[in-house]
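Just so we're aligned: the sequence shown equals residues 463 to 626 in the working numbering.
So the structure is just underneath, and the comments pick up after that.
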Amino acid sequence: MKYCPDCGTALELREFGQRQRTFCPQCQRIHYVQLKVGAGALIEQDGKLLLLQRTQSPFQGSWNLPAGYVESDESPLEAVVRETYEETGLRVEVEGLVDVYFFADDPRGNGLLIVYECRPVGGELRASQEAINPTFFAARAIPENLAGGGHNQAVRAWKKRSLE
Ligand SMILES: [Zn+2]
């Protein structure tokens, strides 16, 4: 955030309570910057994991889970079902929480990726505008170029569990 969303004045960094805060000198108020929240799907078939190749930046060309940001009017559970359908054509049911990953490597902002184990219950696997080449990878065949934003952490953790 560079400019005040309320008045358009250039924001400054000022110290409050020993933390640098984004401050509008015009409005005299702090604009807090919070973490972004994403939701992603681990979908397994015959011990293989579904990954998609990103068509857009950041991380263009790298592989990630079906995932997306959680909208302000939906729960993470709703988001993972919606995003999985948008990106893969698969209708899924959430089976459980896998883990929550903190990331600080995405130019769009730091955040949390909430990863759920999901089971396909319908639909047909297809590519989308954002994500192409949907492929089930065995643990030993997981691509090296994994996307940031928590995806690399989630996929490596899955791979480690699978090889144990
Ligand atoms: Zn302002």
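Every residue gets a Cβ at the ideal spot worked out from N, C-alpha and C, and that includes glycine.
- Message: Given this structure, state the Cα-to-Cα distance separating Cys-636 from Tyr-547, to the nearest angstrom.
- Response: The structure shown does not extend to residue 636, since the chain is modelled only from 463 to 626, so the question has no answer here.
- Residue(s) in a DSSP beta bridge with Gly-502: For Gly-502, the pairing in a beta bridge is given by DSSP as Ala-529 and Val-577.
- What residues come near ligand 1, if near means a beta carbon less than 6 angstroms from any of its heavy atoms? Per the Cβ criterion, the list is Cys-466, Asp-468, Cys-469, Thr-471, Cys-486, Gln-488 and Cys-489.
- Message: Please give me, in chain order, every unbroken run of the beta strand (DSSP E) with length at least 3 that falls completely inside the stretch 466-495.
- Response: Restricting attention to beta strand (DSSP E) runs no shorter than 3 residues, the stretch 466-495 encloses them at 474-478, 481-486 and 491-493, ordered along the chain.
- Item | For Asn-460, the three-state DSSP class (helix, strand or coil) | This structure gives no information on residue 460, because the portion of the chain shown stretches from 463 to 626.
- Going by the CB atoms, is the gap between Leu-575 and Gly-631 shorter than 8 angstroms? Any question about residue 631 goes unanswered here, given that the chain covers just 463 to 626.
- How about the stretch 512-527 and the stretch 472-485: do they share at least three Cβ pairs that are nearer than 8 angstroms? Between the stretch 512-527 and the stretch 472-485 there are fewer than three C-beta pairs closer than 8 angstroms, too few to call the two in contact.
- Message: Less than 8 angstroms between the beta carbons of Val-554 and Val-577, yes or no?
- Response: Not in contact: Val-554 and Val-577 (Cβ atoms no closer than 8 angstroms).
- Query: By DSSP, does Glu-557 sit in helix, in strand, or in coil?
  - Reply: DSSP places Glu-557 in strand when its eight states are reduced to three.
- Sufficient close CB pairs (3 or more, under 8 angstroms) joining the stretch 613-621 to the stretch 560-571: Touching, yes.
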